[in-house]
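Step one of this worksheet: look at the structure below.
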Amino acid sequence: MSADGTLDGERLVQKILSRESTVGIVGMGYVGLPLALALVDQHFDVLGFDIDRAKVTELMAGRSYISHISSERVERAVGGGRFEVTDDFTRLSDPDAILICVPTPLTSQREPELKYVVATARQLGAVLRSGQLVVLESTTYPGTTDEVLGPILEEESGLVCGRDFLLAFSPEREDPGNPDFHTATIPKVVGGVDEASGEVAAALYGQVVERVVRVSSARTAEAVKLTENIFRAVNIALVNELKIVFDPMEIDVWEVLDAASSKPFGFMKFSPGPGWGGHCIPIDPFYLTWKAREHGVQTRFIELAGEVNVLMPSYVIGKLQLALNARKKPVNGSRVLVLGVAYKRDVDDARESPAFVLMDRLVRLGAKVRYHDPHVPVLPRTRRWAHLEQTESIDLTPEHVGSFDAVLLVTDHGDVDYEMLAEHAQLLVDTRGVYRAPRANVVKA
Ligand SMILES: NC(=O)c1ccc[n+]([C@@H]2O[C@H](COP(=O)([O-])OP(=O)(O)OC[C@H]3O[C@@H](n4cnc5c(N)ncnc54)[C@H](O)[C@@H]3O)[C@@H](O)[C@H]2O)c1
């Protein structure tokens, strides 16, 4: 704060640059934890907040609960005295900057579920002090930062946004398991609700990431993130549809896409699969759909992409049924091994994975289903899929593989012996294009 009590953005920037500032991060999940460690790497003191006491305890003991983040990194950060995690939310008044990385899922009616953002806003508003910078990182619809977060903070604290505290949005672009990019090397988009907020937020992120991309407003930054994920959702739907279209023409869509991607301009390769999965692509586009309704406009591409992607598991099950039928076997009573339940390769995250939909369909059809996933040793229990009885990944031995009527390849993890699998599987249904050359026991789906 300046001498006259008004917010001094320049002073806050100086505190950030000189590392006098502590950074608070709310939500120690897949986004918040790597961000915290990236800040620690740049010599910031970081105070993490989470409502999940088990995570707080694990992290404070120097243990990571996310497979692609090493415990050694967490231990070094905690042991070095730069990183602390707490569930005491009164301490939110300590840091000069607070980054919010809480979940933004959909409700059961497929509408934005902002209850975690709202809860955080209330906890923070209760202790907010003059001179703090607040940045929302959770993916959300345009307007959330200035229409939802800002007013709650003002109401709870009695402070005024822009005069007493700064507020910005900066979307997270973390790509878990991607060896080519990590927090520091992924450019960060930043937009403030006003000029000073954008400037100070950009100064903070500039200390951690190689490139900051300033945009004119928080709502523009919110729209950037949704645009990126809608682009993915639509293109995934397109190649999934092409998979279905080319199949009866006896054209292998993966061969087509490989060849098409030799074009050095104007084409970007997406890979077909068993549907869509993860906590972003099947969810984020519908945040825009919801907001668009408020303005009386429609999001037809998003709806169509949703339709195509949601129908993919039915297509896969149909192909599996036909292949079993050709071997004079009904699905009912057949033993099916699902290979991979994580939503994408080489991660341990099974949220919104199409594997659950596929297993559910198979169980309902009377199949005996087991799974193998090197990254998911125990099937996460969710209320929706509580009836999926098998809870543990089985070993992928030649004997096990050969004992199933069919293996359904859902996730193409890197550390699987695909040659062994093809040699011993009676029938292998490949939804990821792992097997390019034709094999008698492999069916692409
Ligand atoms: N995981 C990704 O790859 C990714 C990528 C880009 C954007 N995002 C977005 O980032 C946000 C966070 O995603 P995530 O994957 O890290 O979620 P996550 O579920 O892994 O982590 C969120 C954490 O927030 C905690 N939490 C919930 N409510 C809280 C509260 N009121 N106070 C403190 N902590 C609270 C939870 O206990 C959890 O540990 C979401 O909006 C998501 O869409 C995620």
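Our numbering puts the first residue of the sequence shown at 43, with every later residue one more than the last.
A virtual CB, placed ideally from N, CA and C, is assigned to each residue, including glycine.
For Ile142, the pairing in a beta bridge is given by DSSP as Val68, Leu178.
Shortest gap from the CB of Ala161 to any heavy atom of ligand 1: under 7 angstroms.
Glu241 sits in a helix when the DSSP states are folded into three classes. The alpha-carbon separation between Thr186 and Arg261 amounts to approximately 8 angstroms.
Only buried fits Gly167, as 16 or more other CB atoms lie within 10 angstroms of its CB. With contact defined as three or more Cβ pairs closer than 8 angstroms, the region 253–272 and the region 283–300 are not in contact.
Taking C-beta atoms as the reference points, Val232 and Leu175 fail to come closer than 8 angstroms.
At least 8 angstroms separates the beta-carbon of Val82 from that of Met102. Taken through DSSP and simplified to helix, strand or coil, Thr269 comes out as helix. DSSP lists Phe207 as the beta-bridge partner residues of Cys203.
When C-alpha distances from Pro324 are compared across Ser180, Ile278, Val476, Ser109, the shortest belongs to Ile278. Between the C-alpha atoms of Gly123 and Val298 there is a straight-line separation of about 53 angstroms. Fully contained in the region 142–166 is no beta strand (DSSP E) run of length 3 or more.
Not one heavy atom of ligand 1 falls within 7 angstroms of the beta-carbon of Gly219.
For the set Pro229, Val169, Asn282, the Cα lying nearest the Cα of Arg133 is the one of Val169.
Between Leu209 and Gly234, the C-beta gap is smaller than 8 angstroms, which places the two residues in contact.
Of the residues assessed, Pro229 falls on the exposed side of the cut-off, its CB having fewer than 16 other CB atoms within 10 angstroms. In the three-state reduction of the DSSP assignment, Lys285 falls in the helix class, which pools H, G and I. Within the same chain, and ignoring the five residues on either side of Ser172 in sequence, the residues whose Cβ sits closer than 7 angstroms to its Cβ are Met43, Leu49, Leu201, Asp206, Phe207. In this chain, the beta strand (DSSP E) harbouring Phe91 covers 87–91.
The straight-line gap separating the alpha-carbon atoms of Val127 and Ser199 is approximately 24 angstroms. Leaving aside the five residues that flank Lys410 on each side, the residues in its chain whose CB is nearer than 8 angstroms to its CB run, in chain order, Gly375, Ser376, Arg377, Val378. As the crow flies, the alpha-carbon of Pro372 is around 21 angstroms from that of Met354. For Val378, the enclosing beta strand (DSSP E) starts and ends at 377–381. Leu463: member of the alpha helix (DSSP H) spanning 460–466, first to last residue.
In this structure, the CA atom of Pro314 is about 8 angstroms from the CA atom of Trp296. Sorting Ser303, Val159, Asp326 by C-alpha distance to the C-alpha of Glu345 places Asp326 at the top. Of the candidates Val177, Pro76, Phe91, Ser60, the residue whose Cα lies closest to the Cα of His85 is Ser60. When secondary structure is reduced to three states using DSSP, Asp222 falls in the coil class, being assigned neither helix nor strand. By alpha-carbon distance to Cys203, the top candidate from Val452, Ala226, Ala238 is Ala238.
Annotation for Ala448: the continuous beta strand (DSSP E) segment containing it runs 448–451. For the 8 angstroms CB-CB criterion, Asp391 and Gly456 do not form a contact.
Relative to ligand 1, the nearest heavy atom lies less than 7 angstroms away from the CB of Met70. Within its own chain, the residues whose Cβ lies closer than 8 angstroms to the Cβ of Thr453, once the five positions on either side in sequence are excluded, are Leu381, Gly382, Val383, Ala384, Tyr385, Lys386, Arg387, Ser395, Ala397, Asp415, Arg474, listed in chain order.
Assignment of Val231 by DSSP, reduced to helix, strand and coil, places it in the strand class. The way I'd put it, the region 459–473 does touch the region 357–372; three or more beta-carbon pairs between them come closer than 8 angstroms.
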